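Engineer: Quick one: the structure is below, questions incoming.
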Amino acid sequence: MSVSIKPLEDRIVVKSLEAEQTTASGLVIPDTAKEKPQEGEVLAVGPGRFNDNGTERVPLDVKVGDKVIYSKYGGTEVKYGGEEYLILSARDVLAIVG
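With the UniProt record's numbering applied, the sequence shown covers 1 to 98.
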């Protein structure tokens, strides 16, 4: 999936993965009881922020296509082209999933 949003500095664009619709025992979870998703796929990555000297960019640890776990309340939700995305700082990414 490609997106025409180009993040700046150390920001990334993530498409949230849908939360589980049912519990392990098969109970359906209503929308009002679902937790905010914390996992998503990286769709775009910024060029990285400049180091403290301002002379070169610090590369990011994530790349397009990575599945990541991010901070629950991190980032900014945006709608673009009828789709919902999350723009996060690389600092809000907690882990890359397998």
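Each residue gets a CB set at the ideal place from its N, CA and C atoms; glycine is no exception.
No experiment lies behind these values; they were computed from the predicted model shown.
1. Once the 5 residues before and after E77 are set aside, which same chain residues still bring their CB inside 6 Å of it?
2. Thinking G98 and L88 are a contact (beta carbons under 8 Å), I'd like their distance in whole angstroms, please.
3. So is I12 buried or exposed if we call it buried at 16+ other beta carbons inside 10 Å?
4. Under the three-state reduction of DSSP, which class applies to R91: helix, strand or coil?
5. Expressed to the nearest angstrom, what Euclidean distance is found between the alpha-carbon atoms of D10 and E56?
6. So the candidates are S4, K6, A95; which of them puts its Cα closest to the Cα of D66?
7. What are the boundary residues of the beta strand (DSSP E) that S4 is part of?
8. Buried or exposed for G40, going by 16 or more other Cβ atoms inside 10 Å?
9. What does the alpha-carbon distance come out to for the pair S4 and K72?
10. From the DSSP output, in three-state form, read off S71 for me.
Structural biologist: If we stick to the structure as given:
1. By 1-based counting over the sequence shown, the position of residue 77 is 77. L86, listed in sequence order.
2. Position 98 of the sequence shown, counted from the first residue, corresponds to residue 98. Position 88 of the sequence shown, counted from the first residue, corresponds to residue 88. Not really, about 19 Å apart at Cβ, beyond 8 Å.
3. Taking the first residue of the sequence shown as 1, we reach residue 12 at position 12. I12 comes out buried.
4. Within the sequence shown, the letter at position 91 stands for residue 91. Helix.
5. By 1-based counting over the sequence shown, the position of residue 10 is 10. By 1-based counting over the sequence shown, the position of residue 56 is 56. Between D10 and E56, the C-alpha separation is close to 13 Å.
6. Here residue 66 corresponds to residue number 66 of the sequence shown, with the count starting at 1. Considering only alpha carbons, the answer is A95.
7. Along the sequence shown, one-based indexing puts residue 4 at 4. Note, S4: premise wrong, no beta strand (DSSP E); not H, not E.
8. If you number the sequence shown from 1, residue 40 lands on position 40. Answer is buried; the Cβ neighbour count reaches 16.
9. Counting from one through the sequence shown, the residue named residue 4 turns up at place 4. Counting from one through the sequence shown, the residue named residue 72 turns up at place 72. Each residue's alpha carbon lies about 25 Å from the other.
10. Here residue 71 refers to the residue found at position 71 of the sequence shown. Coil.
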